[in-house]
Every structure is written in structure tokens, then in C-alpha cells.
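A quick write-up on the structure given underneath.
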Amino acid sequence: MLKYLGVSRSGYNAWLKRLPSDRTKRKEMLKEKIQEIYDESHQNYGAPKITEKLHDEGETIAEKTVGNYMKEMGIKAQYVKPYTETTVNSDFSTKLENILNEQFNPDEPNAVWCSDITYIWTFEGFVYLTSIMDLFSRKIIA
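Under UniProt numbering, the residue at position 120 of the sequence shown is numbered 120, and the numbers go up by one with no gaps.
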């Protein structure tokens, strides 16, 4: 197999016996600390806060390095989407008159229309869908 891969036996045996370098040891130690801080924060902290905690413990490490290690480990901070207000409470309903008086079956087409609006969330923001229905035919006309 070694011959097929083009590796000498002595090179393979030297690779097996090779001890991890100081850099590799430090990287593994930092990854353990990052995981520990991440778990203590209930998976909330990202690279900036974890870097701050590591600095408090006396470690010298850049935020970018912590972010790279987190990416290698497959962990990331939780993001809480900010609340978006979709409606505004007003006294508009006090100005309305009930001219239909619950007569939902008109005698002719286009005598009574009703409408509704709904908000549809997309990745680009809210999209508003408005429909207008003729109560005589019960069909959407716009």
C-alpha cells in the first residue's frame, strides 16, 4: 500500500510517531476553551464576546481567529430577529359607519365589495397582499 501511495516505510513510521507541534497543542487548547465558553453562554455568544472572555483569562488571540476556530468547530452564535411592528393601533374604527348592516347577499353584481389585506414575510421584507371580492358572485375581482 505504501508503494502504491509513493511513501517510504521510514517516512510513514516517522509520521506515526510524530508528536503534535506547540501550535497544534495551543489550537486544541483554545478550541476547548472556546467550546467551554460557548456552552456556558447557552450557545449565545459569538466570536466578539468569546474573544473578550479569552482576553479576560489572559489569552492573546484575535477575534478573526476565534471566528475561524468556531467555523471549523461548526458552532455559531444565535441570532434573535428584531421585532417588526406590522400594524398601528389607532382610533380609526370609531370613525367608521356600518352601512351594510350585515346584509351579505346583495341583489345585483358590483353592489357590495369587500376587501382584506394580509402581510406575507419574505427574505426581502414584508409583502402586502390585498384582495377585493364581489359579494354577489363571491369572486375575487382585484
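Backbone N, C-alpha and C fix where the C-beta goes; we use that ideal spot for every residue, glycine too.
Quick caveat, the model's predicted, so the values are computed rather than measured.
Helix, strand or coil for V66? Go by DSSP, reduced to three states. Within the sequence shown, numbered from 1, the residue matching residue 66 stands at position 66. In this structure, V66 counts as helix in the three-state DSSP scheme.
Looking at A77 and G46, is the spacing between their C-beta atoms short of 8 Å? Mapped onto the sequence shown, residue 46 falls at position 46. Mapped onto the sequence shown, residue 77 falls at position 77. Cβ distance < 8 Å, so G46 and A77 count as in contact.
Work out the CA separation of K53 and T37 for me, nearest whole Å. Indexing the sequence shown from 1 puts residue 37 at position 37. Indexing the sequence shown from 1 puts residue 53 at position 53. It is Ile, not Thr, that sits at residue 37 in the sequence shown. Going from the Cα of I37 to the Cα of K53 covers about 8 Å.
Measure the beta-carbon distance from residue 148 to P109 and round it to whole angstroms, keeping in mind my assumption that it falls under 8 Å. This structure cannot speak to residue 148, because the chain is shown only from 1 to 142.
Give the range of the beta strand (DSSP E) segment to which M1 is assigned. On the sequence shown, position 1 is the one that residue 1 refers to. Here M1 belongs to no beta strand (DSSP E), and DSSP marks it neither H nor E.
Spell out the partners DSSP gives V127 in its beta bridges. Indexing the sequence shown from 1 puts residue 127 at position 127. BP columns for V127 point to I120.
Residue ranges of each alpha helix (DSSP H) within the region 22 to 108, 4 or longer: 22 to 40, 47 to 56, 63 to 73, all fully within the region 22 to 108.
Whether M73 touches K27 by CB criterion (8 Å): Within the sequence shown, residue 73 is the residue found at index 73, counting from 1. Within the sequence shown, residue 27 is the residue found at index 27, counting from 1. No Cβ-Cβ contact shorter than 8 Å links M73 with K27.
Alpha helix (DSSP H) segment containing N13, residue limits: Along the sequence shown, one-based indexing puts residue 13 at 13. Counting along the chain, the alpha helix (DSSP H) containing N13 begins and ends at 9 to 17.
Taking only three categories from DSSP, how would you classify S115? What you label residue 115 is simply residue 115 of the sequence shown in a count that begins at 1. DSSP places S115 in strand when its eight states are reduced to three.
Under the rule that 16 or more other beta-carbon atoms within 10 Å means buried, what is V88, buried or exposed? Taking the sequence shown and counting its residues from 1, one reaches residue 88 at position 88. Exposed: under 16 other Cβ atoms inside 10 Å.
Mark Y4 as exposed unless 16 or more other C-beta atoms lie within 10 angstroms of its C-beta, in which case mark it buried. Counted from its first residue, the sequence shown places residue 4 at position 4. Exposed, by the Cβ-count rule.
Is I140 helix, strand or coil when you go by DSSP? Along the sequence shown, one-based indexing puts residue 140 at 140. I140: strand per DSSP, three-state reduction.
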